[in-house]
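Start counting the sequence shown at 124; every next residue gets the next number (my numbering).
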Amino acid sequence: MKASILGSSSRGNAILLSSGDSNLLLDSGLNMRKTIINLDMLGTSLDSIDAVLITHCHMDHVRSLPQTGVGKEVISTPGTLHVLKEQFGSVGTKRTSLDYNQKGTVGPFTVKPFPISHDCMGQPCGFVVDDGNDRIAVAMDLGVVTEEVARNLKGCTGLVLESNHDAGMLFNSKRPPWLVNRILGPKGHLSNTECAEALEKVLDGTTDWVVLSHLSQECNNPEKAIEESKNTAMDRGAELIVAHPTLPTRVKEGVKNEKLGQGKEGSPEAVSHMR
Numbered sequence: 124m125k126a127s128i129l130g131s132s133s134r135g136n137a138i139l140l141s142s143g144d145s146n147l148l149l150d151s152g153l154n155m156r157k158t159i160i161n162l163d164m165l166g167t168s169l170d171s172i173d174a175v176l177i178t179h180c181h182m183d184h185v186r187s188l189p190q191t192g193v194g195k196e197v198i199s200t201p202g203t204l205h206v207l208k209e210q211f212g213s214v215g216t217k218r219t220s221l222d223y224n225q226k227g228t229v230g231p232f233t234v235k236p237f238p239i240s241h242d243c244m245g246q247p248c249g250f251v252v253d254d255g256n257d258r259i260a261v262a263m264d265l266g267v268v269t270e271e272v273a274r275n276l277k278g279c280t281g282l283v284l285e286s287n288h289d290a291g292m293l294f295n296s297k298r299p300p301w302l303v304n305r306i307l308g309p310k311g312h313l314s315n316t317e318c319a320e321a322l323e324k325v326l327d328g329t330t331d332w333v334v335l336s337h338l339s340q341e342c343n344n345p346e347k348a349i350e351e352s353k354n355t356a357m358d359r360g361a362e363l364i365v366a367h368p369t370l371p372t373r374v375k376e377g378v379k380n381e382k383l384g385q386g387k388e389g390s391p392e393a394v395s396h397m398r
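Here it is, written out as structure tokens:
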């Protein structure tokens, strides 16, 4: 299975998962123009998308869903689908509701939502996606890594995990106290340190790569995110990648990615923002 991050930041998130001729769009938080451009950079288009998976209903994950979901199957938890209907009216030609830990199938993919802790309406979730050869887990926008989250991350071929902020930069930012407290809370966002602690728990030598995602552009930078997690990733044999906020970041299939700092920034092949 191939994984490509179309873009990931507090402003928008979307992931393309591909197996053979089948494709899933996991979250649809980039604007429509950017979604089309970035899919084209990866050599594909919306017409090739078989289904759209939604983790939760915040706009940086569903901004373009009313457009990307046209003619598609939209898959999420019951609570999130209910909220999306209230937000947008009807989304998707077919809506598939999966309870936490219930499995569904789309072509070669088996998909399973698992519960995460985040402050949004509905039932926020992460996803485990398996095509029979590889298993990828995605957990963005979560305040804590519970034991259940850790179980779903462990043993996967690849992980897309939030590394949202550096605590020092957050405290020194111009953000109001209520927002700082929200971000730091149990239903907020993972810090670089919390991400590294999670990797310490779940990496067991079976995971080939980890994409650090949803970096705050105001309260984090790639160097700080890498510094926190690199030792654990290297010790456990996992390649560490930072998702570009607005350009595609492709995880190569079957081979290790370029070494840290050697990717050409902005290229779909690049390990982005690692210099």
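Every residue, glycine too, gets a C-beta built ideally from N, C-alpha and C.
- Taking all protein chains shown into account, MET263 has 16 or more neighbouring C-beta atoms within 10 Å of its C-beta and is therefore buried.
- Counting only the Cα atoms, PRO368 lies some 8 angstroms from GLY135.
- Three or more beta-carbon pairs separated by less than 8 angstroms are not found between the region 269-278 and the region 295-306, which leaves the two stretches without contact.
- For ALA262, the beta-bridge partners assigned by DSSP are LEU284.
- When DSSP states are grouped into helix, strand and coil, LEU276 belongs to the helix group.
- Closest in C-alpha terms to VAL268, from the list CYS248, THR280 and ILE259, comes CYS248.
- Residue range 345-358 is occupied by the alpha helix (DSSP H) that includes ALA356.
- By the neighbour-count criterion, in which a residue is buried when 16 or more other Cβ atoms sit within 10 angstroms of its Cβ, GLY166 is exposed.
- The Cβ-Cβ distance between LEU153 and GLY130 falls below 7 angstroms.
- The C-alpha of ASP289 lies about 17 angstroms from the C-alpha of TRP301.
- ASP257 sits in coil when the DSSP states are folded into three classes, being neither helix nor strand.
- For the 7 angstroms CB-CB criterion, THR203 and GLY266 do not form a contact.
- Membership of GLY202 in the alpha helix (DSSP H) is indicated by the continuous run 201-211.
- Under the three-state reduction of DSSP output, SER220 falls in the strand class.
- Secondary structure note for ALA174: it is in no alpha helix (DSSP H), and the uninterrupted beta strand (DSSP E) holding it is 174-176.
- For secondary structure counted as the beta strand (DSSP E) over 3 or more consecutive residues, the region 136-195 holds these complete runs in sequence order: 145-149 and 174-176.
- For VAL303, the uninterrupted alpha helix (DSSP H) segment begins and ends at 300-307.
- Taking one beta carbon from each stretch, the region 323-336 and the region 356-370 have 3 or more pairs nearer than 8 angstroms; the two touch.
- Looking only at CYS279, SER314, GLY278 and GLU285, the smallest Cα-Cα distance to LEU293 is reached by SER314.
- Secondary structure note for LYS235: its beta strand (DSSP E) is the uninterrupted segment 232-238.
- The distance from the Cβ of ASP222 to that of MET124 is about 24 angstroms, inconsistent with a contact at the 8 angstroms cut-off.
- Taking a 10 Å sphere around the C-beta of PRO236, we find 16 or more other C-beta atoms and assign the residue as buried.
- Looking at the backbone, the Cα of LYS226 and that of THR233 are separated by about 6 angstroms.
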